[in-house]
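K.L.:
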Amino acid sequence: RGKVVAPGFVNIHSHAGFNIFRGRSEDAGFKAPTGLYFPMSTVMTREDRAALGALSYAELVRGGCTSVMELEEDVECLAPFVEKLGVRSAMGEMLGDADPDAMVKGEFRYDEAAHAAQMERATGFAQRWHGKADGRITAIMAPNMTISSSARQLKDARAAADKLGLRLTIHLGWSEFEHQTARRVHNQGSFEYARDNGLVGPDVVVTHCYVVSDSDIDILAKGGAHVAHCPLMNAFRGLIAPVNAMRSRGINVALGIDNMFGDYFDVIRAAVMCARIKTNDPVALKSEDALEMATMGGARAMGMEREVGSLEIGKRADLIVLDFRALGLQPVLDPVQNLAYHAHARDVEMVLVDGRVLVDGGEMKSVDRLAVVDAATAASKSAWARFERKYGGPIAA
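Numbering (the working numbering), first residue to last: 851 to 1247.
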């Protein structure tokens, strides 16, 4: 009585270990990548990443995400937990052969040794984990950004993906700083640089795209790339992606939580609000559109639209059950609108992946929730202590 069954959400863009920046990055604006993200990558340990990543995955599954596309430095440290948890995940080593300490100073130098080591880790992970956990874990190639990857790295990532049968993803169109830096460092705009080096195509998920021109959208549409729209991160950066313009060009747009955030329902609501603000149109994007982006849109981006993303005979049993008798969800005149606009992660009662129950009665079945939380808390404290010792404060300058 009072239950609603829905397809599991497909979170098409996630940095699990980046929950370490909760309470630190939200007000940092565009200083976050060079002042927080890259510097933190130099002090985090493998144990830190594993503990923090486990917390993020647990939060996502508890809140109804049954599939996750994950980009992480040292992604292999997360794979055993992902296998134990039972979630479906496309996982990739986040590549970037630019010197992180030089980037803090606004300098871009690319390191051939770093590139070789990263490619070895990325392809090694793919060879060890692609298709594991009864096919729930797949590998992807994941260059971070156009400004943090050399042309050689992008081309080698494309070649490896083609050889191993993997999909790819990259951050693109996330700031004017990115565009200006790409022109200065690569003598090309970001989108042209990505396209010319193999990172725009029907097997590529391009993330963000909230600073894009008509010609950038044209590159995506002609290339057949998918877009991972992260509206919460958009809003916190003070920018909004032109989702309606991209969808009108036939571009598949899916939804990602990105980092720091833990409730995917907030992403669904933010997608609607951002689209309406961007177009000054109160019906520019509706509840069914946002839910389609959160389910089938993500499934298409992962290349799994025949297997997940909807409740159909013959598809995998990736589904969620919500308690619509919870406070805040009644009365129900339209369950789709209530789901999109009023539900929260706490309202998810049951989560199944491949028919296996991962959450029941709101509690995780395969992992100890409190142990996961405590380990992540300890990891965060130790990592921030090392960060402040190295960089002299809560943000690198």
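We put the beta carbon where it would ideally sit given N, CA and C, even for glycine.
1. Locate the alpha helix (DSSP H) running through Pro889, then write down its first and last residues.
2. Which term fits Ala1044, buried or exposed, when burial requires 16 or more other beta carbons within 10 angstroms of its beta carbon?
3. To the nearest angstrom, report how far apart Arg1250 and Asp924 are at their CA atoms.
4. Output the distance between the C-alpha atoms of Phe975 and Met944, rounded to the nearest integer angstrom.
5. Report the rounded CA-to-CA distance for Leu1183 versus Arg1196, giving the unit in angstroms.
6. When you compare only the Cα positions, how much space is there between Arg1119 and Ala963?
7. Is it buried or exposed, Lys1240, if we count other Cβ atoms within 10 angstroms and call 16 or more buried?
8. Given a threshold of 16 other Cβ atoms within 10 Å of its Cβ, counted over all protein chains shown, does Pro1244 qualify as buried or as exposed?
9. What is the C-beta distance between His863 and Thr1145, in whole angstroms, given that I count them as a contact (C-beta under 8 Å)?
10. What residues in its chain sit with their C-beta under 7 Å from that of Lys1231, if we drop five residues either side in the sequence?
11. With C-beta atoms as the reference, is Ala1075 less than 8 Å away from Val1054?
12. Where Asp1068 and Val1062 are concerned, what is the direct C-alpha to C-alpha distance, given to the nearest angstrom?
13. Exposed or buried, what is Ala992 when buried is set at 16 or more other beta-carbons lying within 10 Å of its beta-carbon?
14. Going by CA-CA distance only, name the one from Val1223, Met1152 and Ala1190 that's closest to Glu920.
15. Compare the Cα-Cα distances from Gly956 to each of Ile987, Leu1018, Gln1030 and Met1154 and report the closest residue.
16. Determine the direct distance from the alpha carbon of Met969 to that of Asp1006, and round the result to whole angstroms.
17. Below 7 Å CB to CB, which residues in the same chain sit around Ala983 once its five sequence neighbours on both sides are set aside?
18. Using a Cβ distance threshold of 8 Å, determine whether the region 1079-1088 contacts the region 876-893, with at least three qualifying pairs required.
P.N.:
Let's see:
1. For Pro889, the uninterrupted alpha helix (DSSP H) run begins and ends at Phe888 to Ser891, by DSSP.
2. Residue burial annotation: Ala1044 is buried, with at least 16 other C-beta atoms found within 10 angstroms of its C-beta.
3. With the chain covering only 851 through 1247, there is no way to say anything about residue 1250.
4. Distance between the alpha carbons of Phe975 and Met944: 12 Å.
5. Rounded to the nearest angstrom, the gap between the Cα atoms of Leu1183 and Arg1196 is 21 Å.
6. CA-CA distance, Arg1119 to Ala963, rounds to 43 Å.
7. Exposed, since its Cβ has fewer than 16 Cβ neighbours within 10 Å.
8. It is exposed - the Cβ of Pro1244 has fewer than 16 other Cβ atoms within 10 Å.
9. The C-beta separation of His863 from Thr1145 comes to about 15 Å, leaving the pair out of contact by the 8 Å criterion.
10. Nothing listed; no residue qualifies.
11. With contacts defined as CB atoms closer than 8 Å, Ala1075 and Val1054 qualify as a contacting pair.
12. Taking the straight line from one Cα to the other gives about 10 Å.
13. Around the Cβ of Ala992, a 10 Å sphere holds 16 or more other Cβ atoms; the residue is buried.
14. Out of Val1223, Met1152 and Ala1190, Met1152 has the C-alpha closest to the C-alpha of Glu920.
15. Closest option to Gly956, Cα to Cα, is Gln1030.
16. Rounded to the nearest whole angstrom, the C-alpha separation of Asp1006 and Met969 is 8 Å.
17. Cβ neighbours of Ala983 beyond the five flanking positions: Glu933.
18. Counting Cβ pairs under 8 Å, three or more are found: they touch.
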